[in-house]
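Chains as they are written, first to last, in our numbering: chain A, 1 to 328; chain B, 1001 to 1328. Here the structure comes first, spelled out in structure tokens, and everything after it is commentary.
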């Protein structure tokens, strides 16, 4: 007897009905690299595409230790208590180096993870990529088809993944600690300019004044930088998840952005551009995958990398030769 | 009788002897897309690679109207008068929209272009790419082999080319006008954070105080941002090419960076990383070129782009199917 969970219909119907078990299985399916799973997953995505796009997609980043999970829990609870259905694509904490997290080994997002209207999914590809993979976009689509109207994608803030996340979300939120110096270490240059809002965390106790000062400084600094294409001026706010302060304000900022960008047409323009970018990004990534995974190419590249700084290697020509070899 | 200028030796020997006419022809050769020129050019590059790497490579960007050519002329004259041999890979002005340039139709960099120790080469691919092409890196190599010890690459500051330029230069200089508002328009977000120094131009006359204020503000703002991997804190300076002020200071900043980065090893680390990045960038670009230029792919993509926001297109799967078709 054939297994019903091997058919596209099982997944499509379950997801469209909002069945979280089926949603989880579908995400696992598209994460699998096996050819038959890839094929099945493709049909599932095709079958639910028409019911996607209706959520608000929020990217959240910040270095380990800034309090991302604490913030997402507070912010997430605020969302679900206000009637939203929230999906969180989170970093898998077991693969992150601990960097002085106040919570230590405490389970992340305890309260949120058991809420009926919240769904938390750890990303399997965290670590070097900071939590974002080629599957993340499709996972967003699956969650939307399952009825989630707010989606959070969390990344670590130290790698290429932030560019990818800003390309698949509507709003990019950067969490930061107050004060310059060590707290700035680990944030990749360029990310600050990408942010639609900066949220300075742990604004409580002895740290409160420091956080307020940082807010003033960054608000002023951001005005010196070019405006976003949306016409939105990035906002700076302080928050304390422990005292549940600044959480309402963070949501108000996001809603304010949503209103502005929907009104001036930028929201749908950006979504359309993101689909196009995602198509070309997928093309580029898959071309490279096929090339770099070829056994003889792997072999040759090892040698080339060793000799790169001998001064005798001409990178552009080497690339040309390798590609000709690969095509034939 | 065979044409001696069709042999690699003609170019290699001429370049290594510092012959500017041969250098110019070599650059034209590598810019040509004809297969036989590409092949010949490749051999030329192979033959001069051993004599490259000894220059300081400076990228300069800023929106049209900020005074790039005026600055490059003043700065360039200062360099050659101090014993340097300078090559400038410049934007071809005829393909740029004029944006209120004070100089109007005046020939760019008049004095510098006739100096014995300066070589100015307009880039043929300006416009949308802002002056940087896949040939730019090889042009740098050719100029170095011809004995130039300081190379300036100029871009427009509004496109992808700035990322490319920062990947092939040692130092990235952003020219800006004083004051926020309109002057910030046209600078792509993220570029400011990439800059190793900001130079506020036209710091003279009625604009002097405004320029000084801008310097104070930006110096403060840049301290709020993550440090560069080199440990260098970006500097802000003002200058007036007309009054020849700030030009010496600009060079001192660059020399200060050079000393720091050579001492702490970052200079050669970056150069090595750039070679590797260039190899992988070349692979990626050439793979895409072969793919996108295939006639049936072009045809299919036109249809796909039209239907992208119908909500029925799954970009990742479409990419997969297109690539399978192309490989077969």
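Note that CB positions come from ideal geometry on N, CA and C, so glycine has one too.
- Task: Would you mind telling me which residues of chain A sit closer than 9 Å to residue 1232/B, beta carbon to beta carbon, in chain order?
- Result: What residue 1232/B touches in chain A: nothing, since even the nearest Cβ is about 12 Å away.
- Query: In three-state DSSP terms, what is residue 236/A?
  - Reply: strand
- Message: residue 59/A and residue 156/A - do their beta-carbons sit closer together than 8 Å?
- Response: no
- Message: Please identify, using Cβ separations under 9 Å, the residues of the segment 218-243 of chain A that lie next to chain B, in order along the chain.
- Response: 218, 220, 221, 222, 223, 224, 225, 226, 227, 228, 229
- DSSP beta-bridge partners of residue 1088/B: 1120/B, 1152/B
- Item | Rounded separation between residue 13/A and residue 1177/B - CA only | 58 Å
- Message: Within the continuous beta strand (DSSP E) that includes residue 1197/B, where are the two ends?
- Response: 1197-1200
- Message: Could you check whether the Cβ of residue 147/A sits closer than 8 Å to any Cβ belonging to chain B?
- Response: Residue-level contact check: residue 147/A does not touch chain B, since none of the beta carbons of chain B fall below 8 Å from its beta carbon.
- Item | Contact set between residue 328/A and chain B, taken where Cβ atoms lie within less than 7 Å | Per Cβ cutoff of 7 Å: no residues; residue 328/A is ~12 Å from chain B at best.
- Taking 8 Å as the cut-off, decide whether the C-beta atoms of residue 90/A and residue 123/A are in contact. yes
- Task: With DSSP collapsed to three states, give me the class of residue 387/A.
- Result: With chain A represented from 1 up to 328, any question about residue 387/A goes unanswered, as that position is not in the structure.
- Closest Cα partner of residue 253/A within the set 196/A, 242/A, 47/A: 196/A
- Out of 235/A, 149/A, 17/A, 303/A, point me to the one whose CA is closest to residue 85/A's CA. 149/A
- Query: Using the C-alpha atoms, what's the distance from residue 1287/B back to residue 1048/B?
  - Reply: One C-alpha to the other measures close to 26 Å.
- Message: For a contact defined as C-beta to C-beta under 8 Å, what are the partners of residue 1015/B on chain A?
- Response: Chain A residues near residue 1015/B: none, gap ~14 Å exceeds 8 Å.
- Query: Is there a Cβ from chain B that is less than 8 Å from the Cβ of residue 161/A?
  - Reply: no
- Task: Label residue 1289/B either buried or exposed according to how many other C-beta atoms from any shown protein chain fall within 10 Å of its C-beta, with 16 as the threshold for buried.
- Result: exposed
- Would you mind sorting residue 1243/B into buried or exposed? The rule is 16 or more other CB atoms within 10 Å of its CB. It counts as exposed.
- Query: Can we say the segment 1268-1286 of chain B touches the segment 308-327 of chain A, given the rule of at least three CB pairs closer than 8 Å?
  - Reply: yes
- What in chain A is Cβ-close to residue 1317/B, meaning under 8 Å? 42, 45, 46
- Message: Let's see if you can read the secondary structure: which residues bound the alpha helix (DSSP H) around residue 1058/B?
- Response: Boundaries for residue 1058/B: no alpha helix (DSSP H) harbours it, while the beta strand (DSSP E) harbouring it runs 1056-1061, taken from the DSSP string.
- Task: Below 8 Å on the Cβ atoms is my guess for residue 1241/B versus residue 1070/B; work out the distance and round it to an integer in Å.
- Result: Right, their Cβ atoms sit about 4 Å apart.
- Helix, strand or coil at residue 245/A according to DSSP, with G and I counted as helix: strand
- Message: List, in chain order, every chain A residue whose beta-carbon is nearer than 8 Å to that of residue 1154/B.
- Response: Those within 8 Å of residue 1154/B in chain A number zero; the least Cβ separation is about 20 Å.
- Just how far apart, CA to CA, sit residue 1057/B and residue 1171/B? 7 Å
- Message: If you reduce the DSSP assignment to three classes, tell me which class residue 1230/B lands in.
- Response: coil
- Message: For the segment 1280-1297 of chain B, list every residue whose C-beta sits within 9 Å of some C-beta in chain A, in sequence order.
- Response: Contact annotation: in the segment 1280-1297 of chain B, residues whose CB is within less than 9 Å of a CB in chain A are 1280, 1281, 1282, 1283, 1284, 1285, 1286, 1287, 1288, 1290, 1291, 1292.
- Flag this pair as touching only if the segment 1132-1146 of chain B and the segment 1023-1032 of chain B have three or more C-beta atom pairs under 8 Å; answer yes or no. yes
- If residue 1139/B and residue 1233/B are in contact, beta carbons under 8 Å, what's the gap, nearest whole angstrom? Incorrect: roughly 31 Å between the Cβ atoms, too far for contact.
- Query: In terms of residues, what are the limits of the alpha helix (DSSP H) holding residue 29/A?
  - Reply: 20-31
- Query: For the segment 263-280 of chain A, which residues have a beta carbon sitting closer than 7 Å to at least one beta carbon of chain B?
  - Reply: Flagged, chain order: 272, 275, 276, 278, 279.
- Item | Beta-carbon contacts of residue 52/A that lie in its chain and below 7 Å, excluding the five residues immediately before and after | 141, 144, 145
- Task: Could you tell me which of 35/A, 44/A, 284/A sits nearest to residue 16/A, measuring between CA atoms?
- Result: 44/A
- Task: Rounded to whole angstroms, what's the CA-CA distance from residue 1008/B to residue 1035/B? Just pull it up for me.
- Result: 15 Å
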